[in-house]
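One line per chain: the protein sequences are A and B, in this order. Just so we're aligned, residue 15 is where the first sequence starts under this note's numbering, counting upward by one. Just so we're aligned, residue 15 is where the second sequence starts under this note's numbering, counting upward by one.
Protein chains: 2
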Amino acid sequence: MSKSFRLYIAEPLTPKKTLPLTDEQSHYLKNVVKYTPNDKLYCFDNQNGEFLCDVVEQTKKQTLIQVKEQTKPFYACPDIWLLFCPLKKDKTDFVIEKATELGCRTILPVISQYTNCTSIKIERYMAQSIEAAEQCRRTDLPLIEQPQKLTDMLKSWDSSRTLYFMDETLESAPFFDLLQQEKNHKTAILIGPEGGFSEHELTLLRTLPFAKGATLGPRILRAETAVAAALSCWQLIAGDWR
Amino acid sequence: MSKSFRLYIAEPLTPKKTLPLTDEQSHYLKNVVKYTPNDKLYCFDNQNGEFLCDVVEQTKKQTLIQVKEQTKPFYACPDIWLLFCPLKKDKTDFVIEKATELGCRTILPVISQYTNCTSIKIERYMAQSIEAAEQCRRTDLPLIEQPQKLTDMLKSWDSSRTLYFMDETLESAPFFDLLQQEKNHKTAILIGPEGGFSEHELTLLRTLPFAKGATLGPRILRAETAVAAALSCWQLIAGDWR
Numbered sequence: 015m016s017k018s019f020r021l022y023i024a025e026p027l028t029p030k031k032t033l034p035l036t037d038e039q040s041h042y043l044k045n046v047v048k049y050t051p052n053d054k055l056y057c058f059d060n061q062n063g064e065f066l067c068d069v070v071e072q073t074k075k076q077t078l079i080q081v082k083e084q085t086k087p088f089y090a091c092p093d094i095w096l097l098f099c100p101l102k103k104d105k106t107d108f109v110i111e112k113a114t115e116l117g118c119r120t121i122l123p124v125i126s127q128y129t130n131c132t133s134i135k136i137e138r139y140m141a142q143s144i145e146a147a148e149q150c151r152r153t154d155l156p157l158i159e160q161p162q163k164l165t166d167m168l169k170s171w172d173s174s175r176t177l178y179f180m181d182e183t184l185e186s187a188p189f190f191d192l193l194q195q196e197k198n199h200k201t202a203i204l205i206g207p208e209g210g211f212s213e214h215e216l217t218l219l220r221t222l223p224f225a226k227g228a229t230l231g232p233r234i235l236r237a238e239t240a241v242a243a244a245l246s247c248w249q250l251i252a253g254d255w256r
Numbered sequence: 015m016s017k018s019f020r021l022y023i024a025e026p027l028t029p030k031k032t033l034p035l036t037d038e039q040s041h042y043l044k045n046v047v048k049y050t051p052n053d054k055l056y057c058f059d060n061q062n063g064e065f066l067c068d069v070v071e072q073t074k075k076q077t078l079i080q081v082k083e084q085t086k087p088f089y090a091c092p093d094i095w096l097l098f099c100p101l102k103k104d105k106t107d108f109v110i111e112k113a114t115e116l117g118c119r120t121i122l123p124v125i126s127q128y129t130n131c132t133s134i135k136i137e138r139y140m141a142q143s144i145e146a147a148e149q150c151r152r153t154d155l156p157l158i159e160q161p162q163k164l165t166d167m168l169k170s171w172d173s174s175r176t177l178y179f180m181d182e183t184l185e186s187a188p189f190f191d192l193l194q195q196e197k198n199h200k201t202a203i204l205i206g207p208e209g210g211f212s213e214h215e216l217t218l219l220r221t222l223p224f225a226k227g228a229t230l231g232p233r234i235l236r237a238e239t240a241v242a243a244a245l246s247c248w249q250l251i252a253g254d255w256r
């Protein structure tokens, strides 16, 4: 039975080009999934789309591939950003993976008052998002920004981008009502940390003209659930699930 | 600082009633969260709502609580069922947790042709769903059914309940379009296993009058992501997030 694999390649792909895989990718193909010439290898480069590739050399030292025909045009995910407060390691992995699968264009780690995660590893986030992009067949990668304090980010916010913050106090409008009115395709979703937003942050968010509080039903969602839920709802109504 | 805790109690709660906690709950209050009389303990029983309770005895042997006033009426989640194919252990835990948070009334493990999980532990699923219900402040618990073969379940299906199956082939309508037309509040969502549905299953599903194929955008979602996404979309438009 032939299998198929997908890899992100960090340089531009064009038909007939020959290029080496990274050591990790070589190891993965050779030892983990045990690639054979019957299998199909699809590669994407985050700019030119997806291409079928041949493995033309596989030695101990390196794997060379040659690019064949294009199999998918480049497609950028909708212009939706996720602002999330880093959580414990496995929950943050989850957030990055789900945000990638759910078609987020940009992921911004933000430090709010009650964020109690001290180690933010952008390299790890990038590796997670590449793996998720390979798996869900994106041809683009989400951009992952350096962490910033939430209040600093709000100060320098481009006010033409709507910022929905998920409000656990149930004092905000249902997300559905806001999405029904949504005409702006530059959007961001902000999910608070496990402890929620501080009073100060909520007061600030409620005065910002570009920020809109939204509720996601009567149950209290964990932060990582709220990420998946809010992105799914946005994609359903305002994104590329229509 | 006072904290608050929430527990599910497997017998009917009425004001003034005194009753013992289970050994696990006693251990949790005493040794894990280190309950003190300053803290608040809320209990729910899956039939009468939520009540504030006092710990009236805490010994090595047992913990007794007394029920005080009602803090929430009983509320049953919308009549949405989740049919899912058991996955690896941690992914199944995730599915149960998210389905509970996202307000699923009934969870039905189904065995499809490509389901390759051999151990289905209903007891474990129930423990997971109780923990999630405590955390997300439900007053009801999802009902977790015994596993059944998918084809058997479809044979005995109550045809007045719409069954949406998430179709990775992209040949089905966007879920949004189907939800817009949704008038039926008896609904179920079916998510296939990692390997997708078999040809035979897809052919069968497409001929059943109560079954409707739905797509969730152009990216291929992992099974557990599709669970969270589909339930969120349903709650947003047809459930209790309005």
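For glycine and all other residues, C-beta sits at the position ideal for the given N, C-alpha and C. Bear in mind the structure is a predicted one, so any value in this text is a computation, not a measurement.
Residue j beta carbon less than 8 Å from that of residue i
i, j, result
"Phe-98 of chain A", "Ile-205 of chain A", "yes"
"Phe-189 of chain A", "Trp-255 of chain B", "yes"
"Cys-57 of chain B", "Arg-152 of chain B", "no"
"Glu-148 of chain A", "Leu-21 of chain A", "yes"
"Ala-225 of chain B", "Leu-177 of chain B", "yes"
"Tyr-53 of chain B", "Phe-88 of chain B", "In the sequence on display, residue 53 of chain B carries Asp and not Tyr. No, they are not a contact pair."
"Tyr-229 of chain A", "Asp-93 of chain A", "First, the amino acid is wrong: residue 229 of chain A is Thr here, not Tyr. Against a cut-off of 8 Å, the Cβ pair of Asp-93 of chain A and Thr-229 of chain A comes out as no contact."
"Phe-65 of chain A", "Val-47 of chain A", "no"
"Thr-28 of chain B", "Asn-60 of chain B", "no"
"Thr-114 of chain B", "Pro-156 of chain B", "yes"
"Ile-144 of chain B", "Pro-100 of chain B", "no"
"Ile-23 of chain B", "Leu-55 of chain B", "no"
"Leu-219 of chain B", "Gly-227 of chain B", "yes"
"Ala-237 of chain B", "Glu-208 of chain B", "yes"
Below-8 Å beta-carbon distance, residue i vs any chain A residue
i, result
"Trp-95 of chain B", "no"
"Lys-86 of chain B", "no"
"Pro-26 of chain B", "no"
"Gly-231 of chain B", "yes"
"Ile-110 of chain B", "no"
"Ser-207 of chain B", "The sequence shown places Pro at residue 207 of chain B, not Ser. For Pro-207 of chain B, the answer is no, since every Cβ of chain A falls outside 8 Å of its Cβ."
"Phe-211 of chain B", "no"
"Pro-156 of chain B", "no"
"Ala-242 of chain B", "yes"
Segment limits, beta strand (DSSP E) that includes residue i
i, result
"Val-81 of chain B", "77-86"
"Thr-32 of chain A", "32-34"
"Val-70 of chain B", "64-72"
"Ile-121 of chain B", "120-125"
"Thr-153 of chain A", "Unbroken run through Thr-153 of chain A: none, as it is neither H nor E."
"Leu-204 of chain B", "201-205"
"Lys-226 of chain A", "225-229"
"Tyr-56 of chain A", "54-58"
"Leu-96 of chain A", "94-98"
Residue i: first and last residue of the uninterrupted alpha helix (DSSP H) it sits in
i, result
"Lys-169 of chain B", "164-169"
"Met-140 of chain B", "136-150"
"Arg-256 of chain B", "First-last for Arg-256 of chain B: undefined, no H or E at that position."
"Ser-18 of chain B", "Here Ser-18 of chain B belongs to no alpha helix (DSSP H); instead the beta strand (DSSP E) covers 18-22."
"Glu-185 of chain B", "Careful: Glu-185 of chain B lies outside any alpha helix (DSSP H) and carries neither H nor E."
"Leu-219 of chain B", "213-221"
"Lys-112 of chain A", "103-115"
"Gln-39 of chain B", "37-41"
Member of the options whose CA lies at the smallest distance from the CA of residue i
i, options, result
"Thr-239 of chain B", "B:Phe-88, B:Gln-39, B:Phe-108", "B:Phe-108"
"Lys-163 of chain B", "B:Thr-132, B:Cys-131, B:Ser-126", "B:Ser-126"
"Gln-76 of chain A", "A:Thr-36, A:Thr-50, A:Asp-104, A:Arg-220", "A:Thr-36"
"Ala-252 of chain B", "B:Gly-231, B:Thr-217, B:Leu-222, B:Ile-203", "B:Ile-203"
"Met-15 of chain A", "A:Thr-32, A:Pro-51, A:Pro-34, A:Gln-39", "A:Pro-51"
"Ile-158 of chain B", "B:Arg-236, B:Trp-95, B:Ile-79, B:Gly-231", "B:Trp-95"
"Asp-172 of chain B", "B:Asp-154, B:Pro-223, B:Asn-130, B:Gln-84", "B:Pro-223"
"Thr-129 of chain B", "B:Thr-106, B:Pro-34, B:Gln-194", "B:Thr-106"
"Lys-30 of chain A", "A:Gln-84, A:His-41, A:Asn-45", "A:Gln-84"
"Ser-174 of chain A", "A:Leu-184, A:Ala-187, A:Glu-196, A:Asp-191", "A:Glu-196"
"Leu-216 of chain A", "A:Thr-32, A:Cys-67, A:Ser-186, A:Asp-104", "A:Ser-186"
Residue i Cβ short of 7 Å to the ligand ZN heavy atom set
i, result
"Ile-125 of chain B", "The ligand ZN is not among the ligands present in this structure, which contains no ligands whatsoever."
Any C-beta of chain B under 8 Å from that of residue i
i, result
"Glu-115 of chain A", "yes"
"Asp-254 of chain A", "yes"
"Thr-239 of chain A", "yes"
"Ser-246 of chain A", "yes"
"Leu-250 of chain A", "yes"
"Ile-79 of chain A", "no"
"Pro-51 of chain A", "no"
"Phe-189 of chain A", "yes"
Proximal residues of chain D, C-beta to C-beta of residue i below 9 Å
i, result
"Ile-234 of chain A", "Here chain D cannot be found, since the structure's protein chains are A and B."
| Can at least three beta-carbon pairs, one atom from the segment 237-255 of chain B and one from the segment 128-147 of chain B, be found at a separation below 8 Å? | no
| request: Count the CB pairs spanning the segment 157-168 of chain A and the segment 104-122 of chain A that are closer than 8 Å, and state whether there are at least three. | output: yes
| message | Assess contact between the segment 63-77 of chain B and the segment 180-187 of chain B, defined as three or more Cβ pairs (one per stretch) separated by less than 8 Å. Is contact present? | response | no
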